[in-house]
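A.B. asks: If you want the numbering used here, it's the 1-based position in the sequence shown plus 782. Every residue, glycine too, gets a C-beta built ideally from N, C-alpha and C. Have a look at this one before I ask anything.
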Amino acid sequence: MIQLLMAAVLFVLAAARIPAVVRNGRDTACFRYIPRMRRSFKAGFTMVGIGCVVGMLVVVRFAIGLLSVPVPALLAVPVPSDAAIRFLEMVTIVLVGAGLTVPALAGRTSRNRKARWEADTVAGVEPIRERILRDAGPERLLESDPDAPARERLHRMIVEVWDAELASGGTLTAGERTFLLAADKRLDLNRIV
Numbered sequence: 783m784i785q786l787l788m789a790a791v792l793f794v795l796a797a798a799r800i801p802a803v804v805r806n807g808r809d810t811a812c813f814r815y816i817p818r819m820r821r822s823f824k825a826g827f828t829m830v831g832i833g834c835v836v837g838m839l840v841v842v843r844f845a846i847g848l849l850s851v852p853v854p855a856l857l858a859v860p861v862p863s864d865a866a867i868r869f870l871e872m873v874t875i876v877l878v879g880a881g882l883t884v885p886a887l888a889g890r891t892s893r894n895r896k897a898r899w900e901a902d903t904v905a906g907v908e909p910i911r912e913r914i915l916r917d918a919g920p921e922r923l924l925e926s927d928p929d930a931p932a933r934e935r936l937h938r939m940i941v942e943v944w945d946a947e948l949a950s951g952g953t954l955t956a957g958e959r960t961f962l963l964a965a966d967k968r969l970d971l972n973r974i975v
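This is the structure:
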């Protein structure tokens, strides 16, 4: 009987240890790196961390339930009802699932917003570029690559405009200058994408 009891206890401890190690690693990563994350990642991984903590309560209840068979003294430990545990399981699933979904959706939205800005800015820079290059002379016009990414085309167009502006002695209006400076600043080619 003692051998059976020891085998059951060792099995439960081993079975609970593996998910605990994984959970601890995940929780540590979530709470350690959350302060350095962007808003969407911070919100998402905070939800994952809270879901993991709630999940720990479910695992403790599960371990007590398993261990109470070979160790009947554990039946005296007060545990939440099955309905409460099912609710906590559902909360865990929702928090972890939603927490992992938030950064993915936010990243996609951010990429779409960036692509829209690039397309709108290219459409705004093209007429300025055509006018100033026409005034500066056709020898300044370089062949453009229509297959290049919008970010690269935009950068090239802005550089061509500034080059032609220097060569022509200044034909940009104040509004065009402000627009180009703002686009160049937002383009921020020194930042790694």
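1. So which of M939, A789, M838, R843 has the shortest CA-CA distance to A865?
2. Counting Cβ pairs closer than 8 angstroms, one from the segment 850 to 865 and one from the segment 901 to 915, do we hit at least three?
3. According to DSSP, is P860 part of a helix, a strand, or is it coil?
4. If you draw a straight line from the alpha carbon of P854 to that of R868, how long is it in whole angstroms?
5. Should V975 be labelled buried (16 or more other beta-carbon atoms within 10 Å of its own) or exposed?
6. Who are the near neighbours of R870 in its chain, counting only those whose CB is closer than 7 angstroms to its CB and skipping five residues on each side?
7. Given a cut-off of 9 angstroms on the beta-carbon distance, is the pair C834 and T874 in contact?
8. Helix, strand or coil: which one does DSSP assign to L877?
C.D. replies: Once the coordinates are examined:
1. R843
2. no
3. coil
4. 23 angstroms
5. Low confidence applies here, because V975 scores a pLDDT of 48, under 50, leaving its location unreliable; read the following figure in that light. Classification of V975: exposed, given that the 10 Å Cβ count is below 16.
6. First, the residue type needs correcting, since residue 870 is Leu and not Arg in the sequence shown. The answer, listed in chain order, is V836, L839, V840.
7. yes
8. helix
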